[in-house]
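Here the structure comes first, spelled out in structure tokens, and everything after it is commentary.
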Amino acid sequence: MLFISGGRPKVNLFILLSVVCVLLNLAGFVLSCQSAQFVSSIVDCQLVSKGDCFCCEGSQATRCTDKKEILILYPVLSVSCDTVRLVLKDLLFAICVLNALTTTVCVVAAALQYLQIFAGRRPRMVEAQIPPEESEEPIHPPDPEEFVPPIPPPPYFSTFCSYTPRINPR
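Following my numbering, the numbering of the sequence shown begins with 41 at its first residue and continues without gaps.
Spelled out as structure tokens, the structure:
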């Protein structure tokens, strides 16, 4: 929604922030879901020399040729490579769901704000569109004979500036 005043468009700050919020959450949603799908597609992880896990989409992890298909995990506390892979997969799917939830919340908040903005403006536009014969009271032009002029206000400082002479009774 753009507000135009003086020929230059102005962007409402809430609208700008809500669009940025939705776009960032969508980007996080897509990236985390893609990463979770990649980790879940890995079937073979093998422990290599330094205690690192070498994982690949193919069936033989040590013979992966494409660097885009390789995942190297660094296990902590001497857990198995499959355990680390499963924990990473669950974590990425949880982040994916969380990003989907926050995207939904941002969209709903923006939609409610837009509805509130449009609901505040709608009655004025509706009143302007109602023809005079459909309104509840017919509009009559004012009658000049019924006009009663307003009473003028009392003069200022009348009690301070007025001088009333005293008459000596004789």
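Glycine is no exception: its CB is placed at the ideal position from the N, C-alpha and C atoms. These figures come from a predicted structure and were not determined experimentally.
Would you call the CB atoms of Ala212 and Phe54 closer than 9 Å?
-> Nothing about residue 212 can be reported from this structure: the residues present for the chain run from 41 to 210 only.
Taking Cβ to Cβ, would you say Leu128 is nearer than 9 Å to Leu113?
-> Numbered from 1 along the sequence shown, position 88 holds the residue referred to as residue 128. Numbered from 1 along the sequence shown, position 73 holds the residue referred to as residue 113. Yes, Cβ-Cβ distance for Leu128 and Leu113 is below 9 Å.
Can you have a look at Val88 and say buried or exposed, based on whether 16 or more other CB atoms are within 10 angstroms of its CB?
-> Counted from its first residue, the sequence shown places residue 88 at position 48. Exposed: under 16 other Cβ atoms inside 10 Å.
Could you check what DSSP says for Phe187 in three-state terms: helix, strand or coil?
-> Counting from one through the sequence shown, the residue named residue 187 turns up at place 147. Reduced to three states, the DSSP call for Phe187 is coil.
For Ser72, is the classification buried or exposed, using 16 other Cβ atoms within 10 angstroms of its Cβ as the cut-off for buried?
-> As a position in the sequence shown, residue 72 is number 32, starting the count at 1. Ser72 is buried by the Cβ-count criterion.
Assigned exposure category for Ala76 - 16 Cβ within 10 Å defines buried | The residue given as residue 76 occupies position 36 in the sequence shown. By the neighbour-count definition (other C-beta atoms within 10 Å, threshold 16), Ala76 is a buried residue.
Proximity of Leu111 and Phe133 at Cβ, strictly below 9 Å | As a first step, residue 111 is located in the sequence shown; it is residue number 71 there, counting from the start. As a first step, residue 133 is located in the sequence shown; it is residue number 93 there, counting from the start. At least 9 Å separates the beta-carbon of Leu111 from that of Phe133.
Compare the C-alpha of Leu138 against each of Pro181, Gly68 and Pro189 and name the closest.
-> Within the sequence shown, numbered from 1, the residue matching residue 138 stands at position 98. Among Pro181, Gly68 and Pro189, the Cα nearest to that of Leu138 belongs to Gly68.
Starting from Leu87, trace the beta strand (DSSP E) both ways and give me its first and last residue.
-> Locating residue 87 in the sequence shown gives position 47, where the first residue counts as 1. Where Leu87 is concerned, the enclosing beta strand (DSSP E) starts and stops at Asp84 to Leu87.
Going by other Cβ atoms of all chains shown within 10 Å of its Cβ, with 16 needed for buried, is Ile82 buried or exposed?
-> Residue numbering aside, residue 82 sits at position 42 when the sequence shown is read from its first letter. It counts as buried.
Among Ser80, Leu66 and Pro115, nearest to Lys90 - alpha-carbon criterion = Numbered from its first residue, the sequence shown carries residue 90 at position 50. Considering only alpha carbons, the answer is Pro115.
CA-to-CA distance, Leu66 to Cys96, given in whole angstroms = Position 56 of the sequence shown holds residue 96. Position 26 of the sequence shown holds residue 66. Rounded to whole angstroms, Cys96 to Leu66 spans 28 Å at the Cα level.
Over what stretch of residues does the alpha helix (DSSP H) that includes Ile55 continue unbroken?
-> Looking up residue 55 in the sequence shown gives position 15. Note, Ile55: alpha helix (DSSP H), Leu53 to Ser81.
DSSP puts Ile135 in a beta bridge; with which residues?
-> Numbered from its first residue, the sequence shown carries residue 135 at position 95. Paired residues: none, contrary to the question.
State the beta-bridge partners of Phe94 as determined by DSSP.
-> Within the sequence shown, numbered from 1, the residue matching residue 94 stands at position 54. In the DSSP output, where bridge partners are listed per residue, Phe94 has Gln86 and Ile112.
Which listed residue (Asp130, Val145 and Ile207) has its alpha carbon closest to that of Cys61 | The sequence position of residue 61 within the sequence shown is 21, counting from 1. Val145 is the residue among Asp130, Val145 and Ile207 whose C-alpha sits nearest the C-alpha of Cys61.
9 Å Cβ cutoff met for Cys93 and Cys121 = Residue 93 sits at position 53 when you count from the first residue of the sequence shown. Residue 121 sits at position 81 when you count from the first residue of the sequence shown. In this structure, Cys93 sits near Cys121, with a CB-CB distance shorter than 9 Å.
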